[in-house]
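Trainee: Submitted below is the structure of interest, expressed as C-alpha cells.
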Amino acid sequence: MVLRLHNTLTRDKVDFAPLDPKNVRMYVCGPTVYDYAHIGNARPAIVFDVLFRLLRHSYGDAHVTFVRNITDVDDKINARAAEEKISIADLTTRTAAQYQADVQALGCLPPTHEPRATHYIGQMIAMVERLVASGHAYAAQGHVLFDVESKSDYGKLSRRSINEMLAGARVEVAPYKKNTMDFVLWKPSDADIPGWESPWGRGRPGWHLECSAMSESLLGETFDIHGGGIDLQFPHHENEIAQSECAHGGHPFAKVWMHNGFLQVEGEKMSKSLGNFFTIRELLDDWPGEVLRLNMLRTHYRQPIDWTAHSLKESWKILERWYDDAGAMASPRLGEKFLAALADDLNTPQALAELHQETPEAVAGGLSLLGFSVMSESIAAKPELDATSINHAIAARTAARAAKDFKESDRIRDELLAKGIVLKDGAGGTTWEVKR
RNA sequence: GGCCACGUGGCGGAGUGGUGACGCAACGGUCUGCAAAACCGUGAACCCCGGUUCAAUUCCGGGCGUGGCCUCCA
4 MVLRLHNTLT RDKVDFAPLD PKNVRMYVCG PTVYDYAHIG NARPAIVFDV
54 LFRLLRHSYG DAHVTFVRNI TDVDDKINAR AAEEKISIAD LTTRTAAQYQ
104 ADVQALGCLP PTHEPRATHY IGQMIAMVER LVASGHAYAA QGHVLFDVES
154 KSDYGKLSRR SINEMLAGAR VEVAPYKKNT MDFVLWKPSD ADIPGWESPW
204 GRGRPGWHLE CSAMSESLLG ETFDIHGGGI DLQFPHHENE IAQSECAHGG
254 HPFAKVWMHN GFLQVEGEKM SKSLGNFFTI RELLDDWPGE VLRLNMLRTH
304 YRQPIDWTAH SLKESWKILE RWYDDAGAMA SPRLGEKFLA ALADDLNTPQ
354 ALAELHQETP EAVAGGLSLL GFSVMSESIA AKPELDATSI NHAIAARTAA
404 RAAKDFKESD RIRDELLAKG IVLKDGAGGT TWEVKR
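Per the working numbering, residue 4 is the first one in the first sequence, and the count goes up by one each step.
Quick look at the structure:
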C-alpha cells in the first residue's frame, strides 16, 4: 500500500516516503491552553490521530513519533489568568488536563510527546542566538525580530510575496522593525508577567518560535510531516519554516505540510456572539465521543465542514448500526478498498463508504483502525437507566405479549420510550437502544 | 483592497472527459398483534454563462454565491 498525501507546500498529492522508515516523524500544532477547547480544535486532533494510526499500521507502532505541543506561554494566557485572578501555572495546568481528557474522549491516542513550551525556553533562546549570529534576526529595543528580507523564499508555503503581504497588511507598525512583515522571536516581559533571562534581557518567546524549538528538539532539523489547521498556514507555519530553515543552515524543515479545512456550525462561522460556539466538553454532554469523531471523519479533512445537529444524529445512527453488526466480532480484518481509500490522502468519507459494503469482520477492523476501539458498550452506556431494569421491563413486556395483553405490553414500551429507550423486536428477541 | 479554497440528488458526501459511489431521509414491499427495528426494492444531482472536445458535472475563461487568510482564532 502506497500512502499518498497532499502537500500544501507543493499543492499536489505525492507518494509518501519517510526519511527514516524506522522513525517516521510528525509534528502537529497543539492548543494554547487558556480556555476549553472548542469543536474546531477537535478537527486537527482527530484528523491527525487517524493519520498517526495509519502510519503506525504501516510502519509499526514503535516506528512513528508524533509530537503535539502544548503552548503554555502566551499573552492570552496572561490576560485570562489576570481576569480570573489565578496563577498562570494553575490556569495552564488545569486547561491542559481538560484538553487531554477531551481529545481522549474523542478516541485520540496520546501523542508520543506532548511538550510544553515553557520546558523549552533554553532551546528557544539558543535558536534565536543562532538566527542573530547568522544575520537572519536583529535585536531592537528589547525585542528580537526575524528579518523576512533575509530569506529569499519567505512566503513559499502561503504563496505570497512580501510585497503582496504589504499591500494588504494590517500588522502593527512598530518603529523598530526594519520591515513591516518582520515578526517577533523574543519580546520583553514586565515584572508581572512570565519572563526568562536572555541575552536581550528578561523576556518571553514569540509564538511561532515555540514550535520550531520543540520540533527541533524532539524530531530533528528535518522531519516528515507537519500538520495543523488551514488558518495557521500564514503566518504561523510560514514563520516556522523561516526560523527553522535559517537556524539550520538552510536545511529543509518539514517535507510534507498538511492542513485541515475550517469548520462552521449550522452554516455560520462559530462565534460566541452568534450563540453557536461549542466546546468539546459541552458536546460530550449530549453526544458520545465516538459519534463526534465519526461526524468529523465523514468529511474529507481538507474540505470545509458544516457541523450540524442533523448530521450528528445521522452519524449516531450509522455508528450504532455498525456496532450492532460488528461489535462482537472476534477476528477483525481490514478491507483492501477501505485501506486504499485511507491511503489516498486520508479519504475517510470514501473509506467509510467502503465499510458500508463490507463484511462484519472488515467493519470491525476498519472501525478499530479509525480509532473506534470501544465497541458497542460505549453508546449503550449513555442512558440514565441501568441495563438491568431495562432488561427487567423487556421481560415483563415479552410475557405480556405472550399472553396477548397488548395494552400492557404497549404501556411498558411507551414507558421506556419516555425514558429515552427504543425497543427493537427482532427474530432473536427484543433489544434496545438509546433514542436519538 | 490583496491572496486562496469551495459550490454535486430533500440532506450529508466521495468521485470521474463517456457505463447515475455510498449513507441518511422519502416511497413501495416482507416481517410484526400494532409500531419501531431489520431485510428487499424504487425514484432523485452535478451554481450560471461562454470556450475546448466526437463527448464536460469533470478541463479552460468569466460571473454569482459561501467561506478562509492578510489582525499570534485549529
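Just so you know, even glycine gets a beta-carbon here, dropped at the ideal spot from N, CA and C.
How long is the line joining the alpha carbons of Pro118 and Pro34, rounded to whole angstroms?
Mentor: Against the first sequence, residue 118 aligns to sequence position 115. Against the first sequence, residue 34 aligns to sequence position 31. Rounded to whole angstroms, Pro118 to Pro34 spans 11 angstroms at the Cα level.
Trainee: By how many angstroms is the C-alpha of Glu293 removed from the C-alpha of Lys316?
Mentor: To locate residue 316, count along the first sequence from 1; it is residue 313. To locate residue 293, count along the first sequence from 1; it is residue 290. Distance between the alpha carbons of Lys316 and Glu293: 12 angstroms.
Trainee: Give the secondary structure of Val131 by DSSP, where H, G and I count as helix, E and B as strand, and everything else as coil.
Mentor: Numbered from 1 along the first sequence, position 128 holds the residue referred to as residue 131. Val131: helix per DSSP, three-state reduction.
Trainee: Could you give the DSSP three-state label for Lys275: helix, strand or coil?
Mentor: Position 272 of the first sequence, counted from the first residue, corresponds to residue 275. Three-state result, Lys275: coil.
Trainee: Do you know how far the Cα of Glu224 is from the Cα of Met127?
Mentor: Sequence index remark: in the first sequence, residue 127 carries index 124 (1-based). Sequence index remark: in the first sequence, residue 224 carries index 221 (1-based). Whole-angstrom Cα-Cα distance: 14 angstroms.
Trainee: Could you pull the DSSP bridge partners for Pro208 from this structure?
Mentor: As a working note, residue 208 is residue 205 in the first sequence. BP columns for Pro208 point to Trp189.
Trainee: Give the DSSP bridge partners of Tyr141, in chain order.
Mentor: Residue mapping note: residue 141 aligns to position 138 of the first sequence, counting from 1. Bridge partners of Tyr141: Leu148.
Trainee: What are the residues that DSSP puts in a beta bridge with Thr282?
Mentor: Here residue 282 corresponds to residue number 279 of the first sequence, with the count starting at 1. Answer by DSSP bridge pairing, in chain order: His41.
Trainee: Ordered along the chain, which non-local residues of its own chain (more than five positions away) have a Cβ less than 8 angstroms from that of Leu212?
Mentor: If you number the first sequence from 1, residue 212 lands on position 209. Closer than 8 angstroms at the Cβ level, and outside the excluded window around Leu212, lie Met127, Met130, Val131, Leu188, Trp189 and Gln246.
Trainee: In whole angstroms, give me the CA-to-CA distance for Asn279 and His251.
Mentor: Position 276 of the first sequence, counted from the start, is the residue given in the question as residue 279. Position 248 of the first sequence, counted from the start, is the residue given in the question as residue 251. So the two alpha carbons sit approximately 44 angstroms from each other.
Trainee: Of the choices Val31, Lys88, Glu87 and Tyr102, whose alpha-carbon is the least far from that of Arg284?
Mentor: Here residue 284 corresponds to residue number 281 of the first sequence, with the count starting at 1. Per the Cα distances, Tyr102.
Trainee: Taking only the alpha-carbon atoms, compute the straight-line gap between Ser314 and Gly43 and give it to the nearest angstrom.
Mentor: On the first sequence, position 311 is the one that residue 314 refers to. On the first sequence, position 40 is the one that residue 43 refers to. Each residue's Cα considered, the two are about 16 angstroms apart.
Trainee: What does the alpha-carbon distance come out to for the pair Ala365 and Arg336?
Mentor: Here residue 365 refers to the residue found at position 362 when the first sequence is read from its first residue. Here residue 336 refers to the residue found at position 333 when the first sequence is read from its first residue. So the two alpha carbons sit approximately 5 angstroms from each other.
Trainee: Which one or two residues does DSSP pair with Thr257 in a beta bridge?
Mentor: Counting from 1 along the first sequence, the entry for residue 257 is found at position 254. Here residue 257 is Ala; the residue named in the question, Thr, does not match the sequence. Answer by DSSP bridge pairing, in chain order: Phe226.
Trainee: In the DSSP assignment, find the unbroken beta strand (DSSP E) run with Phe341 in it and report its ends.
Mentor: Numbered from 1 along the first sequence, position 338 holds the residue referred to as residue 341. Careful: Phe341 lies outside any beta strand (DSSP E), inside the alpha helix (DSSP H) at Glu339 to Ala346.
Trainee: Report the CB separation of Leu112 from Phe55 in whole angstroms; it is logged as a contact under 8 angstroms.
Mentor: The residue given as residue 112 occupies position 109 in the first sequence. The residue given as residue 55 occupies position 52 in the first sequence. Confirmed, Cβ separation roughly 6 angstroms.
Trainee: Output needed for Arg205: all residues of its chain with C-beta closer than 6 angstroms, excluding positions within five of it in sequence on either side, in chain order.
Mentor: The residue given as residue 205 occupies position 202 in the first sequence. These residues qualify, in order along the chain: Ser192 and Gly198.
Trainee: Hey, out of Arg414, Met184, Val36 and Gly369, whose CA is closest to Thr74's CA?
Mentor: Indexing the first sequence from 1 puts residue 74 at position 71. The residue with the shortest Cα to Cα distance from Thr74 is Val36.
Trainee: Of all the beta strand (DSSP E) runs that stay within the bounds of the segment 293-373, which reach a length of 3 or more residues?
Mentor: Listed in chain order, the complete beta strand (DSSP E) runs (minimum 3 residues) inside the segment 293-373 are 308-310.
Trainee: Under a Cβ-count criterion, where at least 16 other Cβ atoms within 10 Å of its own Cβ denotes burial, should Ala398 be classed as buried or exposed?
Mentor: Translated into the one-based positions of the first sequence, residue 398 becomes position 395. Ala398 is exposed by the Cβ-count criterion.
Trainee: If you reduce the DSSP assignment to three classes, tell me which class Lys394 lands in.
Mentor: Indexing the first sequence from 1 puts residue 394 at position 391. What sits at residue 394 in the sequence shown is Asn, not Lys. It is helical.
Trainee: Looking at the strands, I want to know which residues DSSP matches up with Thr35.
Mentor: In the first sequence, the residue the question calls residue 35 occupies position 32. Answer is Thr74, bridged to Thr35.
Trainee: What I want to know is whether the C-beta of Val17 ends up closer than 8 angstroms to one or more non-hydrogen atoms of the ligand MN.
Mentor: Of the ligands one can find in the structure shown there are none, so the ligand MN has no counterpart to examine.
Trainee: Specify the secondary structure class of Phe19 as computed by DSSP and reduced to three states.
Mentor: If you number the first sequence from 1, residue 19 lands on position 16. Coil, per DSSP.
Trainee: Could you check the C-alpha separation between Leu6 and Val70 for me, to the nearest Å?
Mentor: Your numbering for residue 6 matches position 3 in the first sequence. Your numbering for residue 70 matches position 67 in the first sequence. Computed Cα separation, rounded: 20 angstroms.
Trainee: Would you please state the rounded distance, in angstroms, between the beta carbons of Thr362 and Leu300? I believe it to be under 8 angstroms.
Mentor: Numbered from its first residue, the first sequence carries residue 362 at position 359. Numbered from its first residue, the first sequence carries residue 300 at position 297. Not really, about 21 angstroms apart at Cβ, beyond 8 angstroms.
Trainee: From Gln236 to Leu160, what distance separates their C-alpha atoms?
Mentor: Position 233 of the first sequence, counted from the start, is the residue given in the question as residue 236. Position 157 of the first sequence, counted from the start, is the residue given in the question as residue 160. Rounded to whole angstroms, Gln236 to Leu160 spans 7 angstroms at the Cα level.
Trainee: Between the Cα of Thr433 and the Cα atoms of Arg400, His66, Ala356 and His239, which residue gives the shortest distance?
Mentor: Stepping through the first sequence from its first residue, residue 433 is reached at position 430. Out of Arg400, His66, Ala356 and His239, Arg400 has the C-alpha closest to the C-alpha of Thr433.
Trainee: Near Asn263, which residues of its chain fall below 6 angstroms by C-beta distance, leaving aside the five closest residues on each side in sequence?
Mentor: Residue mapping note: residue 263 aligns to position 260 of the first sequence, counting from 1. Hits under 6 angstroms: Arg46, Pro47, Val50, Gly232 and Tyr304.
Trainee: Could you name the residues of the same chain whose beta carbon sits closer than 6 angstroms to that of Ala143, not counting the 5 residues immediately before and after it, in chain order?
Mentor: One-based indexing of the first sequence puts residue 143 at position 140. Counting only Cβ-Cβ distances below 6 angstroms, and skipping sequence neighbours, we find Tyr179.
Trainee: Report, in whole angstroms, the separation of the C-beta atoms of Leu266 and Ile308, which I expect to be a contact under 8 angstroms.
Mentor: For the purposes of this step, residue 266 is taken as the residue at position 263 of the first sequence. For the purposes of this step, residue 308 is taken as the residue at position 305 of the first sequence. Contact flag correct, Cβ pair sits at about 5 angstroms.
Trainee: Closest to Asp185 by CA distance: which of Ser201, Leu148 and Ser215 is it?
Mentor: Indexing the first sequence from 1 puts residue 185 at position 182. Residue Leu148 is the option with its Cα nearest to Asp185.
Trainee: Check each candidate in Thr11, Thr13 and Pro21 and name the one with the smallest Cα separation from Phe226.
Mentor: Residue mapping note: residue 226 aligns to position 223 of the first sequence, counting from 1. It is Pro21.
Trainee: If you measure between the beta carbons of Arg296 and Leu426, is that distance less than 9 angstroms?
Mentor: Locating residue 296 in the first sequence gives position 293, where the first residue counts as 1. Locating residue 426 in the first sequence gives position 423, where the first residue counts as 1. Result no, Cβ atoms of Arg296 and Leu426 do not sit closer than 9 angstroms.
Trainee: If you count every other CB in all the chains shown that lies within 10 Å of the CB of Thr13, and 16 or more means buried, which is it?
Mentor: As a working note, residue 13 is residue 10 in the first sequence. So Thr13 counts as exposed.
Trainee: Rounded to whole angstroms, what is the Cα-Cα separation between Ser381 and Ser153?
Mentor: Here residue 381 refers to the residue found at position 378 when the first sequence is read from its first residue. Here residue 153 refers to the residue found at position 150 when the first sequence is read from its first residue. Residue placement at Ser381 is flagged as unreliable, the pLDDT there being 49, under the threshold of 50; the coordinate-derived value follows with that caveat. Cα to Cα, the separation comes out at about 55 angstroms.
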